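A.B. asks: Take 2 as the starting number for the sequence shown in my numbering and just add one per residue.
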Amino acid sequence: MYVIRLADGTLRVPRSLTSEDGRLIGNAYVEVQPGDPDYEQWLPESLTEEEAQVRRRRWEEENDELEREFLAFKAEQEDA
Numbered sequence: 002m003y004v005i006r007l008a009d010g011t012l013r014v015p016r017s018l019t020s021e022d023g024r025l026i027g028n029a030y031v032e033v034q035p036g037d038p039d040y041e042q043w044l045p046e047s048l049t050e051e052e053a054q055v056r057r058r059r060w061e062e063e064n065d066e067l068e069r070e071f072l073a074f075k076a077e078q079e080d081a
């Protein structure tokens, strides 16, 4: 998940909610407005919606080699 910068400057920051024992309950985005205390922290790594879409598309198109490496690693672990 990426920090998304909207046209009006609002940032959508990914957040995960976990239970007390650490289990993942869900993922969501929290909107952070310019002037909010955390805004400057997240701004440098934010992407526009278009930039995030390009990254997602590139990842989907170019991840074949990484996926093969992962599946080979996973098979090795299962055989061990």
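Ideal placement from N, C-alpha and C gives every residue a C-beta, glycine not left out.
Bear in mind the structure is a predicted one, so any value in this text is a computation, not a measurement.
For N28 and chain B, any beta-carbon pair shorter than 8 Å?
C.D. replies: Considering every chain present, this structure includes no chain B. It has just one protein chain.
A.B. asks: For N28, write down the residues that DSSP places opposite it in a beta bridge.
C.D. replies: In the sequence shown, counting from the first residue as 1, residue 28 sits at position 27. Its beta-bridge partners are S17.
A.B. asks: Have a look at G27 and S47 and give me their C-alpha separation to the nearest angstrom.
C.D. replies: The residue labelled residue 27 in the question sits at position 26 within the sequence shown. The residue labelled residue 47 in the question sits at position 46 within the sequence shown. Whole-angstrom Cα-Cα distance: 21 Å.
A.B. asks: From the DSSP output, in three-state form, read off L7 for me.
C.D. replies: Taking the first residue of the sequence shown as 1, we reach residue 7 at position 6. Correct three-state label for L7: coil.
A.B. asks: So what does M33 bridge to, in DSSP terms?
C.D. replies: Numbered from its first residue, the sequence shown carries residue 33 at position 32. Checking the sequence, you will find Val at residue 33 rather than Met. Partner(s): L12.
A.B. asks: Out of R16, E21 and G10, state which residue places its alpha-carbon closest to the alpha-carbon of Y3.
C.D. replies: In the sequence shown, counting from the first residue as 1, residue 3 sits at position 2. Minimum Cα distance to Y3 is reached at R16.
A.B. asks: Look at the Cβ atom of V31, then the Cβ atom of Y40, and state whether they are nearer than 8 Å.
C.D. replies: Locating residue 31 in the sequence shown gives position 30, counting from the first residue. Locating residue 40 in the sequence shown gives position 39, counting from the first residue. Not closer than 8 Å, so no.
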